[in-house]
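Here is the structure we will look at, set down as structure tokens.
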Amino acid sequence: MKTKLYWSQFNHLFNSKKYGHLLYNAETNAFANLSTNMFDLLNAISKEEKVVDELDDMTIEKFLQKKILVKDKNDYLHRRRLRYYFQAFDTSNLGLAVAPTTACNFICPYCYEENKVNKYMTEEVEQQLLSFIDGHKRTNILNLTWYGGEPLIGFKSIQRILEGLKKINHIKLGLHNMPTNGYLLTKEVSLFFKENPMNSIQVTIDGAKEHHDKLRMLPGNFPTFDKIVENLDSFIEYNPKTPVFIRMNLLNDNIDSFGKTHKELSSHWKGKDVLIYPAFVKDFSDSCKSNCNLVSREDKIDFFRELKEKYNIEVKFKPFNSSTGLCGATHVNYFVVGPEGEMYKCWNDLGVSEKVIGYVDGREKNYDVLTRYLAGPTIMDDNECKDCSIMPICTGGCLWVRHKNLYENKDLDYSCCARKNNLDKTIELQYEETLRTAKAKY
Ligand code: SF4
Ligand code: SF4
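Numbering-wise (my numbering), the sequence shown opens with residue 75 and increments by one.
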């Protein structure tokens, strides 16, 4: 009996003004540039006006390989769920984001850590944390992120914990990194990290100096741009092998300055391991909703296109289609540790007492919060996502936001992929990139 074949829900068939009849499949990232006859036939098949059998055997074989035709419409979802749980319950590594303090020296208007109390880790808690790490006897790699507040306010704790880690023989540091605002990245700190190297450091800059200094200020509205650049110069000098990621927060007010600032800073750090990338500010804070001018999903794709066309900045439009949407919060061996030794699953929960899942000294566990993150609803349980034609290239956005909406009656944007609202345009850009890469191989 002949197996019934189906038109994949992840196909996108459309008429591009620039490239003619295009077929794209989001599960395999495959493209086909079609003749008018083939386009019309596939269009009819996609609408179930014609059957797959009208295609010749060779085309069917090729389409099966590229998952344009599928034997079972649910196969993708099963594969993704399996990959997701394999990764989520892999205990070979321990992942920690340690906040030695919740204090911050900046007063950014969009900060979601507003209204949180400043706390600092004591030496007693540092020891408890080290015992907690030591207790993971079957794990030999620790992936460590310093978090906050501003982690460098707790620099003394960072020093003591890293010294203590050296005495735990069965654990080696794997990934070691830190997001910081860069203001306290002094020569002393840079020299310390020369001896205790990080795999990367992430520093946030809010666009051009004039925009940045209005947003990322010290109390009293003191500017910070020049000091951050100066600190980074010395960090790079002492840590030339540590990649520096400059995250540039973008709102509508500063989006136009990205290209120019990118050019200026890239030339300032020419030849150094520095990557400057855009990050769109999200509406995580209530005060931001009224004060911040967030970039719309529709404008994001145009922004990236302009970067490429106007500033010749390399932009990767081709998506990763092996993403499961897994993040630290959904990983069984990942914890965010606050200054009192309290543990959370997601760093957005830091400082929220109801979200504490336990303590590094072993006290009480909040299984409700824990199980929601590990086994609660994900993109794979969302009906809109299950019907979505680009699910394989979408992470599903942030789970913390999904859970806020589901369990706390919020209405936050969970970053439904910007591609969805601009599909034809995005696919054209991906197609262009595919053509460029193919040419480069000759
Ligand atoms: S988050 Fe949005 S774009 Fe992503 S799969 Fe769900 S519906 Fe589609
Ligand atoms: S739930 Fe969201 S904020 Fe939390 S770790 Fe995951 S992606 Fe990050």
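Ideal Cβ placement from N, Cα and C applies to all residues, glycine included.
query	result
Beta-bridge pairing of L195 - partner residues as DSSP gives them	The question names Leu, yet the displayed sequence has Met at residue 195. Its beta-bridge partners do not exist; DSSP assigns none.
Alpha-carbon spacing of L97 relative to S397, whole angstroms	22 Å
Identity of the residue in M112, G345, Y408 and R290 nearest L170 by Cα	Y408
Buried versus exposed call for Y351 [16 or more other C-beta atoms within 10 Å across all chains shown]	exposed
Nearest-angstrom Cα separation, counted from I431 out to G402	14 Å
Residues that DSSP places opposite A171 in a beta bridge	T219 and V410
Residue environment, T335, which counts as buried when at least 16 other CB atoms sit within 10 Å	buried
Three-pair Cβ contact test at 8 Å for the segment 382 to 394 versus the segment 151 to 166	no
V355 (DSSP reduced to helix, strand or coil)	coil
Inter-stretch contact (C-beta, 8 Å, three-pair minimum) for the segment 231 to 242 and the segment 284 to 301	no
Contacting residues, own chain, Cβ-Cβ under 6 Å from S90 (five flanking each side not counted)	L96 and E502
Buried versus exposed call for V191 [16 or more other C-beta atoms within 10 Å across all chains shown]	exposed
Collapsed DSSP secondary structure at A282 in the structure displayed	coil
Alpha carbon of V348 to alpha carbon of M322, nearest angstrom	13 Å
Contact check, L221 vs V410, beta carbons under 8 Å	What sits at residue 221 in the sequence shown is Tyr, not Leu. Yes, the Cβ-Cβ distance between Y221 and V410 is below 8 Å.
Residue environment, R437, which counts as buried when at least 16 other CB atoms sit within 10 Å	exposed
contact_flag[the segment 298 to 305, the segment 254 to 271] where n(CB pairs < 8 Å) is 3 or more	yes
Ranges of the beta strand (DSSP E) found wholly within the segment 373 to 428, counting only runs of at least 3	408 to 411 and 416 to 418
R520 - containing beta strand (DSSP E), residue span	Residue coverage of the chain in this structure runs from 75 to 516, which leaves residue 520 outside it and unanswerable.
Cβ-based neighbour list, Q201, same chain, cut-off 8 Å, excluding 5 preceding and 5 following	G238
Through-space distance from K429 to Y481, alpha-carbon basis	13 Å
Status (buried if at least 16 other CB within 10 Å, exposed otherwise) for E197	exposed
Where the beta strand (DSSP E) containing T445 begins and where it ends	No beta strand (DSSP E) holds T445; the alpha helix (DSSP H) holding it covers Y441 to A449.
For Y447, the nearest candidate out of K439, V406 and E128 (CA to CA)	V406
I501 CB to nearest heavy atom of ligand 1 below 7 Å	no
Any C-beta of chain B under 8 Å from that of I329	Looking for chain B here will not work: only one protein chain is present.
Any alpha helix (DSSP H) of 4 or more consecutive residues that is wholly inside the segment 452 to 509	457 to 460 and 473 to 481
CA-to-CA distance, R234 to E507, given in whole angstroms	48 Å
Among I279, M454, D442 and D376, the one whose alpha carbon lies nearest that of G470	M454
Where Y441 falls, given that 16 or more other Cβ within 10 Å makes a residue buried	exposed
Inter-residue CB distance, M195 and S231 (contact presumed, cutoff 8 Å)	5 Å
Beta-carbon spacing of L143, V126 below 8 Å	yes
H86: first and last residue of the uninterrupted beta strand (DSSP E) it sits in	N85 to S90
E224 beta carbon less than 8 Å from that of C182	no
One or two residues paired with L143 in a DSSP bridge	W81
Collapsed DSSP secondary structure at T335 in the structure displayed	helix
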